[in-house]
Amino acid sequence: MKPLPRLSFGVGDRFAHEAEPQLMAFERLAAAGVVVAPVWNKSNREHSFIGSEPASVRAAARAAVSARQWPHPWFVDADHIRLDTVDRFLESSDFFTIDVADSIGKPAIDADVAAFMVRHPELATAVPVPGIDEPIALSRESLGAIARHYLLACREAGEIYRHIRARRGDDVVIEVSMDETDAPQTPPQLLVILALLADERIPLQTIAPKFTGRFNKGVDYVGDLAQFEREFTDDIAVLAYAARRYGLPPNVKLSVHSGSDKFSLYPVIRRALAGTGAGVHLKTAGTTWLEEVIGLAEAGGDGLALAQEIYGYALDHVDELCTPYAAVIDIDRARLPSTAEVRAWSGPRLAAAIRHVPGSPDFNADVRQLLHVSFKVAAKQGARYTDLLVANRDIVAQQVTENIYERHLRPLFLDT
Ligand SMILES: [Zn+2]
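Just so we're aligned, residue 51 is where the sequence shown starts under the numbering used here, counting upward by one.
1) Considering only DSSP beta bridges, list what Leu-57 is partnered with.
2) Do Pro-71 and Val-450 have their beta-carbon atoms positioned less than 7 Å apart in this structure?
3) Compute every distance between the C-beta of Asp-285 and the non-hydrogen atoms of ligand 1, then say whether any falls below 6 Å.
4) Helix, strand or coil for Asp-311 per DSSP?
5) Compute every distance between the C-beta of His-307 and the non-hydrogen atoms of ligand 1, then say whether any falls below 6 Å.
6) Are the region 208 to 223 and the region 286 to 295 touching by the rule of at least three beta carbon pairs closer than 8 Å?
7) Please give me, in chain order, every unbroken run of the beta strand (DSSP E) with length at least 3 that falls completely inside the region 154 to 240.
8) Whole-angstrom Cβ separation of Thr-256 and Leu-462, contact assumed at under 8 Å?
9) Considering only C-alpha positions, which residue in the set Gly-273, Asp-444 and Ser-102 is nearest to Leu-315?
10) Can you tell me the Cα-Cα spacing of Ala-258 and Glu-225, whole angstroms?
11) Between the alpha carbons of Pro-123 and Lys-52, how many angstroms are there, rounded?
12) Report whether the distance from the Cβ of Ser-143 to the nearest heavy atom of ligand 1 is below 6 Å.
13) Just to confirm the assignment, what range does the beta strand (DSSP E) spanning Ile-148 have?
14) Indicate, with yes or no, if ligand 1 has a heavy atom lying under 6 Å from the CB of Asp-229.
15) Could you spell out where the alpha helix (DSSP H) holding Ala-415 opens and where it closes?
16) I want to see whether chain B comes within less than 7 Å of Ser-305, judged by CB atoms only; does it?
17) Taking contact to mean at least 3 C-beta pairs separated by less than 8 Å, is the region 346 to 361 in contact with the region 433 to 442?
18) Can you grab the Cα-Cα spacing for the pair Leu-73 / Gly-62, in whole Å?
19) Any chance the region 186 to 195 sits against the region 135 to 147, with 3 or more Cβ pairs inside 8 Å?
20) In the DSSP assignment, the alpha helix (DSSP H) including Ile-360 goes from what residue to what residue?
21) Contact defined as beta carbons within less than 8 Å: I believe Phe-313 pairs with Pro-411. What is the distance between those atoms, to the nearest angstrom?
22) DSSP on Trp-90, reduced to helix/strand/coil?
23) Regarding Asn-414 and ligand 2, is the C-beta to nearest heavy atom distance less than 6 Å?
24) Can you confirm whether the region 369 to 383 touches the region 320 to 329 when touching is taken to mean that 3 or more C-beta pairs between the two stretches lie within less than 8 Å?
25) For Gln-419, collect the residues of the same chain with a Cβ closer than 8 Å to its Cβ; drop the 5 residues on either side in sequence, then sort them by chain order.
26) Can you tell me whether Gly-327 is buried or exposed, with buried defined as 16 or more other CB within 10 angstroms of its CB?
27) Going straight from the alpha carbon of Glu-456 to that of Thr-337, what length do you get?
28) DSSP three-state label for Ala-245, please.
29) Tell me the DSSP secondary structure of Arg-132 in three-state form.
30) Out of Gly-329, Val-288 and His-307, state which residue places its alpha-carbon closest to the alpha-carbon of Asn-301.
31) Out of curiosity, what's the CA-to-CA distance linking Ala-429 and Thr-373?
32) Would DSSP call Val-126 helix, strand or coil?
33) Note down the Cα distance separating Leu-246 from Ala-69, rounded to an integer number of angstroms.
34) Taking Leu-254 as part of the beta strand (DSSP E), name the residues at either end of that continuous run.
35) Grouping DSSP H, G and I as helix and E and B as strand, with all else coil, what is Ser-396?
36) Look at the Cβ atom of Val-242, then the Cβ atom of Ile-210, and state whether they are nearer than 7 Å.
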């Protein structure tokens, strides 16, 4: 397997124009003493919405790494792939996020569940997990129910992993994601899932469970912070235990599919890492594209005009744009300004509405969420959009770097 460093952070670059300013944020963090591996992630869904190919992500990342002479590891993540979508990513990715959420809950057959219980009698006893006060104590009945619920999903993860290994070799990072489902996975469930994945002999380096609370796209966490902290530190303890007990890679760590901008979780995660020495992979969504819109707005002229136009179009097509993301956005339509109002705004005023500075009086989370799901609108503009990115490269780059460094990497990985 290709080792993933203890700390890694996933960024999206929808239009493949910002890898270099993104990387500059990691450079700044490295200069401050913390090396975090950048991982460029893009899902099959994003590729199909934009009409891009996986090779473009690697090309953009590689160009940035070589232009900046980044001396540390970096990765390209085939995000949320399945057996039917993985092939186009095989050549250009070295990190595969195997998404088996759709198979969670498909009931496994009795004989397979029984065989799992025979293989793992220890899970039906009280399991003392260092770092968790009470042992994890599952009855035979609840163990059987958890195994039945997750067995087929884990088996499918094994099947996809072996498909990748047969075609791509073993020099890759394997993540398994179970976040795109309704119910969060509790730490005891995570322990059973890890035993199931270890049975499949998956060299698992990261796992993305669904955590408690709401992870809406591009805006802050909504949920109980104390409960999240407990769950997160218990998950870390379960991972460390399962790595030893079941022979998973010793560096296996949690992957947080944050959907971007879960600012209130950052101090919680930072504390948990400092307290345990654990690592983390934190994946953000493609919010860098919002920094492009912010930069175009700030630039004024044609850039501002296009940013206003994108908003107007998005507002007219709000249902169509929001429906595919209904589970991960919460837009209060009464708070969306009219197209005429936005057209009258200055560039800095529009930028301030989109830029995620909590507490800023001009920040509008509803505008931000609507624009976040509207990247298809910019994609449809084609060269008109990307030419403006090139023409306004400096101001856009400044937004991109500052956003990732100041609002993400620094609060997550530095104490100050
Ligand atoms: Zn996810």
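We put the beta carbon where it would ideally sit given N, CA and C, even for glycine.
The relevant details are as follows:
1) For the purposes of this step, residue 57 is taken as residue 7 along the sequence shown, with counting starting at 1. For Leu-57, which the question treats as bridged, DSSP gives the partners Val-330.
2) Counted from its first residue, the sequence shown places residue 450 at position 400. Counted from its first residue, the sequence shown places residue 71 at position 21. Yes, they are a contact pair.
3) Taking the first residue of the sequence shown as 1, we reach residue 285 at position 235. No heavy atom of ligand 1 is found nearer than 6 Å to the CB of Asp-285.
4) As a working note, residue 311 is residue 261 in the sequence shown. Residue state, collapsed to three classes: coil.
5) As a working mapping, residue 307 is identified with position 257 in the sequence shown. His-307: yes, Cβ under 6 Å from ligand 1.
6) No contact exists between the region 208 to 223 and the region 286 to 295.
7) Taking only runs of at least 3 residues, the beta strand (DSSP E) segments lying wholly in the region 154 to 240 are 223 to 227.
8) Reading the sequence shown from its first residue, position 206 is the one you call residue 256. Reading the sequence shown from its first residue, position 412 is the one you call residue 462. No, Thr-256 and Leu-462 are not in contact; Cβ-Cβ is about 16 Å, not under 8 Å.
9) Within the sequence shown, the letter at position 265 stands for residue 315. By alpha-carbon distance to Leu-315, the top candidate from Gly-273, Asp-444 and Ser-102 is Gly-273.
10) Reading the sequence shown from its first residue, position 208 is the one you call residue 258. Reading the sequence shown from its first residue, position 175 is the one you call residue 225. Distance between the alpha carbons of Ala-258 and Glu-225: 7 Å.
11) Taking the first residue of the sequence shown as 1, we reach residue 123 at position 73. Taking the first residue of the sequence shown as 1, we reach residue 52 at position 2. When rounded, the separation of the alpha-carbon atoms in Pro-123 and Lys-52 is 10 Å.
12) As a working note, residue 143 is residue 93 in the sequence shown. Because no heavy atom of ligand 1 lies under 6 Å away, the Cβ of Ser-143 does not count as near it: no.
13) Along the sequence shown, read from residue 1 onward, the residue named residue 148 stands at position 98. Start and end: 145 to 149.
14) One-based indexing of the sequence shown puts residue 229 at position 179. Indeed, a heavy atom of ligand 1 lies less than 6 Å from the Cβ.
15) Walking along the sequence shown from the start, residue 415 turns up at place 365. Counting along the chain, the alpha helix (DSSP H) containing Ala-415 begins and ends at 415 to 422.
16) Included in the structure is just one protein chain, with no chain B present.
17) Segments in contact, yes.
18) Along the sequence shown, read from residue 1 onward, the residue named residue 73 stands at position 23. Along the sequence shown, read from residue 1 onward, the residue named residue 62 stands at position 12. Taken atom to atom, the span from the alpha-carbon of Leu-73 to that of Gly-62 is near 12 Å.
19) The count of Cβ pairs closer than 8 Å, one atom from the region 186 to 195 and one from the region 135 to 147, stays below three, leaving the stretches out of contact.
20) On the sequence shown, position 310 is the one that residue 360 refers to. Residues 351 to 366.
21) Mapped onto the sequence shown, residue 313 falls at position 263. Mapped onto the sequence shown, residue 411 falls at position 361. Wrong, their Cβ atoms sit about 17 Å apart, outside the cutoff.
22) Position 40 of the sequence shown, counted from the start, is the residue given in the question as residue 90. Residue state for Trp-90 is assigned as strand, using DSSP reduced to three classes.
23) This structure simply doesn't include ligand 2; it includes ligand 1 instead.
24) With the rule of 3 Cβ pairs closer than 8 Å, the region 320 to 329 does not count as touching the region 369 to 383.
25) Locating residue 419 in the sequence shown gives position 369, counting from the first residue. Here Gln-419 has Asn-266, Lys-267, Gly-268, Val-269, Ile-379, Asp-380 and Ile-381 as same chain residues with Cβ atoms under 8 Å from its own Cβ, once five neighbours each way along the sequence are excluded.
26) Here residue 327 corresponds to residue number 277 of the sequence shown, with the count starting at 1. Of the residues assessed, Gly-327 falls on the exposed side of the cut-off, its CB having fewer than 16 other CB atoms within 10 angstroms.
27) Taking the first residue of the sequence shown as position 1, residue 456 is located at position 406. Taking the first residue of the sequence shown as position 1, residue 337 is located at position 287. When rounded, the distance between both Cα atoms is 14 Å.
28) Walking along the sequence shown from the start, residue 245 turns up at place 195. In the three-state reduction of the DSSP assignment, Ala-245 falls in the helix class.
29) For the purposes of this step, residue 132 is taken as the residue at position 82 of the sequence shown. Coil, per DSSP.
30) Translated into positions along the sequence shown, residue 301 becomes position 251. Checked all of Gly-329, Val-288 and His-307; the closest Cα to Asn-301 is Gly-329.
31) Within the sequence shown, residue 429 is the residue found at index 379, counting from 1. Within the sequence shown, residue 373 is the residue found at index 323, counting from 1. The straight-line gap separating the alpha-carbon atoms of Ala-429 and Thr-373 is approximately 18 Å.
32) Within the sequence shown, numbered from 1, the residue matching residue 126 stands at position 76. Reduced to three states, the DSSP call for Val-126 is strand.
33) Taking the first residue of the sequence shown as 1, we reach residue 246 at position 196. Taking the first residue of the sequence shown as 1, we reach residue 69 at position 19. Spanning the alpha carbons of Leu-246 and Ala-69 requires a straight line of approximately 37 Å.
34) For this step, residue 254 is matched to residue 204 along the sequence shown. Leu-254 -> beta strand (DSSP E) spans 254 to 258.
35) Along the sequence shown, read from residue 1 onward, the residue named residue 396 stands at position 346. Ser-396 sits in coil when the DSSP states are folded into three classes, being neither helix nor strand.
36) As a position in the sequence shown, residue 242 is number 192, starting the count at 1. As a position in the sequence shown, residue 210 is number 160, starting the count at 1. Cβ distance not < 7 Å, so Val-242 and Ile-210 don't count as in contact.
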